[in-house]
Every structure is written in C-alpha cells, then in structure tokens.
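So the sequences go chain by chain: A and B. Going by the working numbering, the first sequence opens with residue 10, and the numbers climb by one from there. Going by the working numbering, the second sequence opens with residue 10, and the numbers climb by one from there.
There are 2 protein chains.
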Amino acid sequence: MRTLLKNAILLVEKDRWETVPRGFLGINDQRIDYLDAIPPAQSYDHEIDLENHLILPGFFNLHAHTGMTSLRGIGSGLPLHRWLKEAMFPREAKFSPSDIQRSSQIAILEMIASGIVSFSDMYIQPWLTAALVETSGMKANLSVPFASKDFSRPEIDQERIDTAVKVFQEYHQSAEERIRIDFAIHAEYTSLKASAQAYSEACQSCGARMHLHLAETEADVKGCIERHGVTPAAFFAGIGTFENPTNAAHCVVLSDADIEILREKGVAAIHNPSSNMKLGSGFMPIRKLMDAGIPVVLGTDSTASNNNLNFLEEIHLASLIHCGAAHDPTILSAEEVLTMATSAGAAAQGRNDTGRLKVGNKADLAIFDLDRPHLMPVHDAPALIVYAAQASDVVCTIVDGKMIYDHGKYLTVDAEKAKADYRQSCARIH
Amino acid sequence: MRTLLKNAILLVEKDRWETVPRGFLGINDQRIDYLDAIPPAQSYDHEIDLENHLILPGFFNLHAHTGMTSLRGIGSGLPLHRWLKEAMFPREAKFSPSDIQRSSQIAILEMIASGIVSFSDMYIQPWLTAALVETSGMKANLSVPFASKDFSRPEIDQERIDTAVKVFQEYHQSAEERIRIDFAIHAEYTSLKASAQAYSEACQSCGARMHLHLAETEADVKGCIERHGVTPAAFFAGIGTFENPTNAAHCVVLSDADIEILREKGVAAIHNPSSNMKLGSGFMPIRKLMDAGIPVVLGTDSTASNNNLNFLEEIHLASLIHCGAAHDPTILSAEEVLTMATSAGAAAQGRNDTGRLKVGNKADLAIFDLDRPHLMPVHDAPALIVYAAQASDVVCTIVDGKMIYDHGKYLTVDAEKAKADYRQSCARIH
Chain A
10 MRTLLKNAIL
20 LVEKDRWETV
30 PRGFLGINDQ
40 RIDYLDAIPP
50 AQSYDHEIDL
60 ENHLILPGFF
70 NLHAHTGMTS
80 LRGIGSGLPL
90 HRWLKEAMFP
100 REAKFSPSDI
110 QRSSQIAILE
120 MIASGIVSFS
130 DMYIQPWLTA
140 ALVETSGMKA
150 NLSVPFASKD
160 FSRPEIDQER
170 IDTAVKVFQE
180 YHQSAEERIR
190 IDFAIHAEYT
200 SLKASAQAYS
210 EACQSCGARM
220 HLHLAETEAD
230 VKGCIERHGV
240 TPAAFFAGIG
250 TFENPTNAAH
260 CVVLSDADIE
270 ILREKGVAAI
280 HNPSSNMKLG
290 SGFMPIRKLM
300 DAGIPVVLGT
310 DSTASNNNLN
320 FLEEIHLASL
330 IHCGAAHDPT
340 ILSAEEVLTM
350 ATSAGAAAQG
360 RNDTGRLKVG
370 NKADLAIFDL
380 DRPHLMPVHD
390 APALIVYAAQ
400 ASDVVCTIVD
410 GKMIYDHGKY
420 LTVDAEKAKA
430 DYRQSCARIH
Chain B
10 MRTLLKNAIL
20 LVEKDRWETV
30 PRGFLGINDQ
40 RIDYLDAIPP
50 AQSYDHEIDL
60 ENHLILPGFF
70 NLHAHTGMTS
80 LRGIGSGLPL
90 HRWLKEAMFP
100 REAKFSPSDI
110 QRSSQIAILE
120 MIASGIVSFS
130 DMYIQPWLTA
140 ALVETSGMKA
150 NLSVPFASKD
160 FSRPEIDQER
170 IDTAVKVFQE
180 YHQSAEERIR
190 IDFAIHAEYT
200 SLKASAQAYS
210 EACQSCGARM
220 HLHLAETEAD
230 VKGCIERHGV
240 TPAAFFAGIG
250 TFENPTNAAH
260 CVVLSDADIE
270 ILREKGVAAI
280 HNPSSNMKLG
290 SGFMPIRKLM
300 DAGIPVVLGT
310 DSTASNNNLN
320 FLEEIHLASL
330 IHCGAAHDPT
340 ILSAEEVLTM
350 ATSAGAAAQG
360 RNDTGRLKVG
370 NKADLAIFDL
380 DRPHLMPVHD
390 APALIVYAAQ
400 ASDVVCTIVD
410 GKMIYDHGKY
420 LTVDAEKAKA
430 DYRQSCARIH
C-alpha cells in the first residue's frame, strides 16, 4: 500500500530546519519513499490532499511514567519529596496490574492525540504496557526500573536486576522493533550504591540504554553529597552507569563539573518543563547544556506532576520559560525546540531511522490542521507550531506508515472501553 | 426563553472555590436564575444534559491588541524595543481600517474558542472592533489608546484626547452594555508628560477606567527614571493617572515602593505570562502583588508577542512559572489562578454582574467537555482545569445567556468568510 500526502507544508530538518510551503510526501508500507516540492512521477494507491495542513515528524516523549496516570491531580502544591512520600507512594501501593494497565492505556490515548509517536517509560511491570504498545501501534522504550526495596537488605535487589535482563531478552526489538527495552535506575536517592552499580553492569552486558532521574532538585543534590560525597552526576559516573548510553531526566541542578561529566559521557538531558515548575524544582540550565553539545530532549513526566501528556504544551513551555528566566528572547530558537521534540528524541531512544522527514526513514508523522483562526497567517511555520499550536491541532498521527489517530478517532484502540475501564480503576484507588 | 444546564460539575466561587459535583444551572434570558446541587422545582423551556461536563464562569482577557493579530509570528526572538521598532511599527503603518477589522475578527473567533467572554482591547480605531463585538455577542472594554505622535509637537496630542472622549460618549455601555469604553495610555515611553496628564484628566471627567502598559521591562523603568527621575508607577501616580480606576499591563519590574503605589491607588495588575517570557521581559512578582492585596488579572497580550489568544495557556503558564521561578510549588494555587481569570477580571473591567456562577449574574459561561483521556479522573476540578485542560476542551461559550460557540461552530460569525478575508489581508501586509 502506497499513500501520497500532497499539498502540505513540510518541516524538514537537514542542517537547519527548512519549510517546504507545498510539498509531497510518499509512504510505501512503513517508510517515506518520496519527499519533494514537486509531485512524484509515479502514482500512488491512495492520495490525501493536505491543503492548509502541516506535516512534522511525530514527537518523541523521552520521559513518562504511564502506569501512574490515574494519580493525575493528586497532591497539588506539594514539593517533590513530600509529594512522593505522602501523595504518590501510598496510592501506588494499592495498584493492581489491571490498574497499571488501564492507566497506561489512557496515557497512550492522550499521547497519540498530541502527535507523540514514541515514548520512554519508567514504570514497573513493563510487560503490561508492552501489550498495549503492541496493539496501539505506537513505539516505546520500556524498562524495569530499579530502586532498592530495603536499604538494609541489599541481597534482594538482585531479583529486580534479573527481571530487567529477562525483560530485555524477551521484549527488546519486539512488535516489529517498535518496542525497545531500556534499563532504568529510579534515582540515586532510592538506590543502594552497589545495587545501582550491578544494575548498570547488567545494562552494559545487554548493550541496552539507561534512563534515570538526575539532579531534579536542590534536595537531591544535597542529599547525594551527604550520602556519597559527590553530586548525582559524579555518583553515576563513578559506578559506571554512564558507560551505557544514558538519558537523564530533569538535570535541573547541575554544576559546571556535572555538565562536563554529561558531555564527556555523551549523556542526553531530558527536559521536563511542566513537572520541574509544578513541583517547584526550577529551570534546567538548558543553554549551558546545549552549548556544551549535550543532546537535550523533551519529556512530559507523568500526569501526577504535569498534569497531562500534552507534548505541544511541553514544546511551548520549553520555548518560553528560559527566555523569561534569562531575560533573553533569543536564548532558544523555535527550531532548536523542534529538534529536541523530534530527531534528538529519536536518537536518544536509539532509533536511527526516524525523527526526521527523510526518504528511507520510517513514516512517523504528526499532521496539523492549520485552517484555524489561531494558526493564521503561516508567516514562520516553526514559530507557528512552537508558539501558537495546540495538541488539538494534531489531526492525524502516523506510526510506521500506519494511521493510528484520525480527526479525534483512535484507529487501533477502543477508546470508549479504555475510558470506562480506567474510570472504574480510578474510583477504586482514590 | 429559559434553559436548564443539568448534571454538570459547577465551579462556584464564594469566599473559596467550591465544586458542585453534579449541579443545575438555570438561565432566564441573559441571567442565571437557578444554581444548586438539586434540580429546580419549576420546568425550563429547554434542558441540556451536561453529564461529564464542567461549567466555569467565562474568562476575562484583560489585555489584548486585537487589531494586530495579523502580525502573529513576525519578529520572533527580538527583545521588546527592537521588536516594536523593527518588526511591528513598520508593518502597522501599512494597516488599512479593513486590515484592522479583519485582524480583530479573527482574534474574536480565537478568543471565543478558548472560553473568553470579554476582552480589554488597546488598539486604534476601536469603532472598527466595536462593530464586531456587537455582532459576535462578546463583551469588550475598548479604548482609543494614547501615544504622543510627535514629541516636538505636543499640541497635536489634543486631537487623540478629543477622539477618546467622543468614542466614550458614543460607545460606552452600547450593545446592551456589552461594550464599555476605557481610556488607555500606551506607555510612559511613548507619551509626553503633559499630554498623558491631560488624557488622564479626560478619563476622569468621563468617569472611565484606564488601561496602560506599566514597567514591562528593565529598559522601560531605566528610561523613565532617566527622563523623569522616577519609576513608571511613580510617574503615572504623579500626573494623576491613577486617580482613575486603572488596569496596568505587565508590572514585571516593580520596586516595593511601586507596589505600595499600586496598592494605595487600587491599581489592578494584568499578568501576561506568555508575552513577558516571549519577549524576555521576565516574571511578574505575582506573590508580592497578591500579598499586598493588589488585584491580579490575566491577559493574552497580542498574537504578535504570544503567539495566540489561548486563555487556557495563560492560565496554565500563570499557574506554573512562578513555582519554577521561586522554587516553591505552593506559591500560587489553582484556585487563585481561576479567580484571576474570572471574577477578578470582570471586576477590573468594571462589570459587577458577571465573573461568578451566581443567581442574578449574567450567564457568561465556558463549558468544558471532560470525557477526554487527559481530563480523567476528576480528582480536583480546579487543578484539572488549570493544569490539564486545553482550549479545545471548551465546547460551548455563552455570553449574556446566549450560546455563541458550540462544539467548534461559531453561531454569530461567518467564520469561513472571516478566515478568507483575513488571509487576503495578511497576504497584502507581509
């Protein structure tokens, strides 16, 4: 099946982002097979006229905890550590596998609707979410996150490590390679050092990627220094964690020496602007990180600290808050934010055949309807998407060439059943 | 015609915000005539079942420049004063009355779609916009904004003052009192002192309200001190401007003495978070202002510095950015932000019969559809609206009891014609 998307504005990232005002994008099965400002010579089975629409690479959400979606709106106004201990952990203790799965299913619906094609998830029992990723048609990097269960019993941590390896072996590259398995360490403050080191070594033995929380708050950094005499970045570097290709969520409180560690080790920094503000953590030193050549990518974090999974909001926040904090409207361009949301995210998931509109790449696309009052005129298309567009302007989401969301309709998931099941689950937990 | 909205979640502001989980709101002609958790005894002509919906007072956008909507996306990345001089003023010089009107019409469509029921506009030739407000069914506080045309010719400023008075006399309380006329001084840095004083006196003689830009950037304040030896707040206090009930947009760079002036004079501060970040101006000291008892309200500013008129975005930004800047998740509650967006805004427009769900008030309402993945569960309804909702969740906007927007359809404006006309206008200007 070959489909031609025609007459759309295309945002194409080469060395720079280029805008094709009226372009043609051909899809052959899973991949882009044509991309130009002139129509193809050959015919396609199916043509879709996208006059007044814009095609972007779909978005990569590098930091999610989909299993806890039902905690949306719980504990508003608490700082990170009280919020975790008083609002989150007691409720999570009540979760059954079905609660986790129902939360993940709603998260998937929400993400698809804002043009997210792939997410990196850090939540227990990832096989529950893997089944949903498979049927939904999305992509995901899942993980068995590590946290020490009982600091006085290091020996029981091995079980989680074994599970992580087993899940890697069973699920990595499954669902036609849409599912990848990462390793994930929740954070320094929830890990025994030796266990985190053993988990990092297991990651390396699998050749997997690492996902972790790093330097989210002043308290994290202070506590780590008290416990280990070094910052979280130095802690993880010291136990070999960063020998794995690593994505570090938050990166709010970093010294220049920390930034140098991240640069040297090739760690990608995941920016979660909503969550960092919502919990009062602060602003990532994004310009310093980017100037150091550290890849910066974007994440929603969970609905519990966001309180949604709307990627256009994260894009918008990332584009604005640093201008405000630095009193400098030039600190970050719209194009840089688009790169964070697309190609940089794909690369940080270890996916080298997506994230850009390019012949040969997987057709992972977000299509925006621009025939709306708030999206006129199209004077500067990247600025329009970053500063003016909303999640609801995404009318189609396409993954591996397959349309999974079309004008509010979910084509791979029974959304009404998912919502009904989820409502039941929420009622039980709260 | 009496209409009953039934089975909706109602957010009712009394001393505190209260959530009625399943409520009934009756509308008789323009006004709310019933509000309770139990159904009314009397029957209504028409009943609308709003199961899984939420009713809020509609939003009050206290700072807009609707006539320049066509400049959306122009001059991204420039700081305020270069942006004004290099990107805005040269294009505005090309505007015909029809360009202004087409821009205002698109702005009205955009505002209605995010639940805005009333806006305060600062743009020349307000009679152009008045005609559109009248037909659209919205409410607006319009103004003939003052700026000195030529600093070497103070005598020509009188003409603008005369026009402002004439417009006040002709349009104030027109369109069934939906239109109110304010006076507006663009800013200290665009005004001769004597002219601004004369304009302020004219405002007072009309008994009107004043709308102005105040202390938007460090450069504004520094320049004012160089020119007049005092801060902008002291400047306007000194020439009597604040003897009028005044709404001051931005209020980013304020000393404690400035805050004391605003408090003493009863000035309301208009928070424009998108614009202040987009132009690198900084963050309003919102907690200090609120703790001083100064009413804080919300505005979008124009699409040229925002780049949209999405009130849910402003609500979301206002709720988050101060938590990030102050490293304090408790600095501003969801309820405080809702008050800024509704009742405080209505009061700052001089409207005392709207802004809250209350029997006897005008039925100015925004109705949200909550049957969406990102709005479940409804654990904390104010937090849900502030942190998770999007403009597209507003499915109906009602002004003076009349539905003007219903599930994407504009009931008072020919949106297709408005968009086509506006596209032509944009093509001519750029």
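Idealized CB from N, CA, C, for every residue including glycine.
- L13 (chain B): member of the beta strand (DSSP E) spanning R11 to E22, first to last residue.
- Taking a beta-carbon distance threshold of 9 Å, G291 (chain A) counts as an interface residue toward chain B.
- The beta carbons of A375 (chain A) and L87 (chain A) sit no closer together than 9 Å.
- Residues C405 and L420 of the same chain have their beta carbon placed closer than 7 Å to that of M412 (chain A), with the five preceding and five following residues left out of the count.
- Contact between P391 (chain A) and A343 (chain A) holds: CB atoms are separated by about 4 Å, below the 8 Å threshold.
- Counting along the chain, H220 (chain A) sits inside the beta strand (DSSP E) bounded by residues M219 to L223.
- By alpha-carbon distance to I117 (chain A), the top candidate from A:K94, A:L141 and A:A96 is A:L141.
- Using a Cβ distance threshold of 9 Å, I125 (chain A) and F68 (chain A) count as a contacting pair.
- Taking H280 (chain A) as reference, the option from A:P338, A:V346, A:V21 and A:E252 with the minimal CA-CA separation is A:V346.
- For G86 (chain B), the neighbours in chain A by C-beta distance under 7 Å run, in chain order, P338, T339 and S342.
- By the neighbour-count criterion, in which a residue is buried when 16 or more other Cβ atoms sit within 10 angstroms of its Cβ, K418 (chain B) is exposed.
- Residues K148 of the same chain have their beta carbon placed closer than 6 Å to that of R187 (chain A), with the five preceding and five following residues left out of the count.
- Among the residues facing chain B, A327 (chain A) is not included, as its CB has no counterpart in that chain under 9 Å away.
- I376 (chain A) sits in a strand when the DSSP states are folded into three classes.
- For T28 (chain A), there is no enclosing alpha helix (DSSP H); the enclosing beta strand (DSSP E) covers residues W26 to N37.
- Looking at the DSSP output, A424 (chain A) shares a beta bridge with no other residue.
- Comparing alpha-carbon positions, the option among A:Y43, A:H62 and A:E119 lying closest to T78 (chain A) turns out to be A:E119.
- Counting along the chain, F192 (chain B) sits inside the beta strand (DSSP E) bounded by residues I188 to I194.
- Chain order gives the chain A residues near M286 (chain B) as L329, I330, C332 and G333, where near means a beta carbon separation below 7 Å.
- Our two residues, M10 (chain A) and S145 (chain A), have alpha carbons roughly 20 Å apart in a direct line.
- Chain order gives no chain A residues near H416 (chain B), where near means a beta carbon separation below 7 Å; the closest approach is about 11 Å.
- Residues of the segment 390-406 of chain A with a Cβ closer than 7 Å to any Cβ of chain B, in chain order: A392, L393, Y396, A397, Q399, A400 and S401.
- Nearest CB-CB separation between L298 (chain B) and chain A: not below the 9 Å threshold.
- Taking a 10 Å sphere around the C-beta of H416 (chain B), we find fewer than 16 other C-beta atoms and assign the residue as exposed.
- For the segment 82-114 of chain B, the set of positions with a beta-carbon nearer than 7 Å to some beta-carbon of chain A reads G82, I83, S85, G86, L87 and P88 in chain order.
- Along the segment 294-319 of chain A, the positions whose C-beta sits under 9 Å from a C-beta of chain B are T312, N315, N316, N317, L318 and N319, read in chain order.
- In the DSSP annotation of this structure, the continuous segment of the alpha helix (DSSP H) that includes L271 (chain A) starts and ends at D265 to K274.
- Annotation: S123 (chain B) is outside any beta strand (DSSP E) and is labelled neither H nor E by DSSP.
- Distance from the CA of G249 (chain B) to the CA of M349 (chain B), rounded to the nearest whole angstrom, comes to 26 Å.
- DSSP places N285 (chain B) in the uninterrupted alpha helix (DSSP H) bounded by P282 to K287.
- In chain order, S284, K287 and L288 place their CB closer than 6 Å to the CB of S314 (chain A), counting only its own chain and leaving out the 5 sequence neighbours on each side.
- Within the segment 72-158 of chain A, the runs of alpha helix (DSSP H) that reach at least 4 residues and sit entirely inside it are, in chain order, 98-101, 106-122 and 135-145.
- Interface annotation for the segment 117-148 of chain A against chain B: L118, E119 and A122, criterion Cβ-Cβ distance under 8 Å.
- Neighbours of Y431 (chain B) in chain A, taken as residues at a C-beta separation under 9 Å, are given in chain order as P382, M385 and P386.
- The segment 293-351 of chain A is shown to contain whole alpha helix (DSSP H) runs of 4 or more residues at 295-300, 320-335 and 343-350, in chain order.
- A distance below 9 Å separates the beta carbons of L14 (chain B) and G35 (chain B).
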